[in-house]
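**Student:** For the sequence shown, this note's numbering assigns the number 1423 to the initial residue and increments by one for each residue that follows.
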Amino acid sequence: MRRRIWQAVIEIIIGTCLLILLLLGLTFFLRQIGQISGSETIRLSLDSDNLTISDIERDMKHYPYDYIIFDNDTSKILGGHYVKSDVPSFVASKQSSHNITEGEITYTYSSNKHFSVVLRQNSMPEFTNHTLRSISYNQFTYLFFFLGEIILIIFSVYHLIREFSKNFQAVQKIALKMGEITTFPEQEESKIIEFDQVLNNLYSKSKELAFLIEAERHEKHDLSFQVAALSHDVKTPLTVLKGNIELLEMTEVNEQQADFIESMKNSLTVFDKYFNTMISYTKLLNDENDYKARISLEDFLIDLSVELEELSTTYQVDYQLVKKTDLTTFYGNTLALSRALINIFVNACQYAKEGEKIVSLSIYDDEKYLYFEIWNNGHPFSEQAKKNAGKLFFTEDTGRSGKHYGIGLSFAQGVALKHQGNLILSNPQKGGAEVILKIKK
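#1: Once DSSP output is grouped into helix, strand and coil, what is the label at Gly1754?
#2: In angstroms, rounded to a whole number, what distance separates the CA positions of Gln1806 and Leu1723?
#3: Name the DSSP bridge partner or partners of Tyr1485?
#4: Could you compute how far the alpha carbon of Ser1470 sits from the alpha carbon of Thr1528?
#5: Cβ of Arg1555 within 8 Å of Cβ of Phe1549?
#6: Tell me which residues share the same chain as Val1509 and place their Cβ nearer than 7 Å to its Cβ, disregarding the 5 neighbours each side in the sequence.
#7: My guess is that Glu1526 and Ser1511 are in contact by the Cβ rule of under 8 Å, so how many angstroms apart are they, rounded?
#8: Whose CA, out of Gly1853, Trp1428 and Lys1860, lies closest to the CA of Leu1839?
#9: For Arg1716, count neighbouring C-beta atoms within 10 Å of its own C-beta (all shown protein chains included) and say buried if the count is 16 or more, exposed if not.
#10: Leaving out five residues on either side along the sequence, give the residues of the same chain with a beta carbon under 7 Å from the beta carbon of Phe1617.
#11: Between which two residues does the beta strand (DSSP E) carrying Gly1843 extend?
#12: Keeping to the same chain, check which residues put their C-beta closer than 6 Å to that of Glu1789; ignore five residues upstream and five downstream.
#13: Helix, strand or coil for Val1509, going by three-state DSSP, please let me know.
#14: Kindly indicate the opening and closing residues of the alpha helix (DSSP H) around Asp1725.
#15: Under a three-way DSSP split, which group does Asp1876 fall into?
#16: Any C-beta of chain C sitting closer than 8 Å to the C-beta of Asn1472?
#17: Excluding five sequence neighbours on each side, which residues of the same chain lie with their C-beta closer than 6 Å to the C-beta of Ile1766?
#18: Just how far apart, CA to CA, sit Val1579 and Ile1434?
#19: Express the C-alpha separation of Thr1530 and Thr1523 in angstroms, rounding to a whole number.
#20: Whose CA, out of Gly1665, Gln1517, Gln1678 and Glu1674, lies closest to the CA of Leu1690?
#21: Does Asn1560 come out as helix, strand or coil in the three-state DSSP assignment?
#22: Within its chain, find whatever has a CB closer than 7 Å to the CB of Thr1747; leave out the 5 residues flanking it on each side and keep chain order.
#23: At the level of alpha carbons, what is the spacing between Leu1582 and Val1620?
#24: Distance, Cα to Cα, His1520 vs Ile1576?
#25: Got a sec? Which residues, its chain only, sit under 8 Å from Pro1850 by beta carbon, not counting five neighbours each side?
#26: Compare the C-alpha of His1552 against each of Asn1676, His1643, Lys1506 and Gln1517 and name the closest.
#27: Go ahead and pull the three-state DSSP assignment for Phe1803.
#28: Indicate whether the contact test is met: 3 or more Cβ pairs, each with one atom in the stretch 1676-1690 and one in the stretch 1723-1736, closer than 8 Å.
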């Protein structure tokens, strides 16, 4: 980058030198065609008394100066090239028969027996055209140089900024496509070494990321396939086992055998529940559905409450819904979000305080996020649980029941991450435990 900036500086310096040469060449050219006068002083010789007015005018055509030819006897103006406003100065020189100087202008007097010629000569270069003479040639050159320098700097800086912009656009382009499987056929090399290094590194990292993402996608597909295959393999013996249990129930059994059968049925129910939850979790990992659908919060809560009220009746829980937001819509995946909240709610119902189970769902928001807070009046989370409850198959040994395997919370954590949010476990001051599902609005 420093090298490119120095290149821009050198371009300006070279351009300045060329601009000076252009000014010198322009000045030389204008002098050659008689459009500006020189700074040297000349004296016209009228030694011959045989000179005519035509001879003098012919000779004066070779000089870019104003002049007046006077008649020596009558002092009348016989010819010349001049501006009326300068006539008094010409006359003054004629009457004094000497050269006179007015500032930077010298009126040079020459004469013979019949005529007198007064030349107007400026010590500074000036335009010979009377219309342009009001503009100082020096000021003209300064202005020309100043404007030329500004144009030169603007052009050089614009070229530099355009090159920077082009490189930033290239960085933006690769950043937006980071991780996509593409060969980037439009890949270009940058003239700025630092940008070239960054772009090459980004292209390389993008290809690596695309490879890793594709590998992860294949792993998820494989996991989903394996779980589906496992489900098929396990469901068959489970069905047989359920059938055998039903057959045993139809026979005469004693009280102890009936307890054993009931225990087996409960174990099968628990196993079936966790196995189905595991299938849901693997489907979530492999889910590529839209998580940006526009959802009506009111309709979502109405549908969700129907299921939560049924669960609260099943678990004999006092359920409360508290809405603390005026938000009308948000973005997400209705099905995944409902399943995640139901999983959290079921956990809350299972571990609420025995005898007086209370579970509440509170909804509130801030500038960026929407929060679903599920609280129960059971035992608080341990520090270990708050750190690891979202992990698959986590078992908490203290504070809450050891039969809690965390699959439901793992699923909820996955849904929260899909919604650019998070799952938060905490112990509020009012007691109990709460799980907050935070998603981006």
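Beta carbons are placed, not taken as given, at the ideal position from N, Cα and C, and that holds for glycine.
**Tutor:** Considering the structure as presented:
#1: strand
#2: 32 Å
#3: Partner(s): none; Tyr1485 has no beta bridge.
#4: 24 Å
#5: yes
#6: none
#7: Glu1526 to Ser1511, Cβ: 13 Å. No contact.
#8: Lys1860
#9: exposed
#10: Asn1589
#11: Neither: Gly1843 is in no beta strand (DSSP E) and is coded neither H nor E.
#12: none
#13: helix
#14: Leu1719 to Thr1736
#15: Nothing can be reported for residue 1876, as the shown portion of the chain is limited to 1423 through 1863.
#16: In summary, chain C is missing from the structure at hand, where a single protein chain is found.
#17: Ile1796, Ala1834 and Val1857
#18: 9 Å
#19: 9 Å
#20: Gly1665
#21: helix
#22: Ile1785, Tyr1786 and Asp1787
#23: 18 Å
#24: 53 Å
#25: Trp1797 and Glu1856
#26: Lys1506
#27: coil
#28: no
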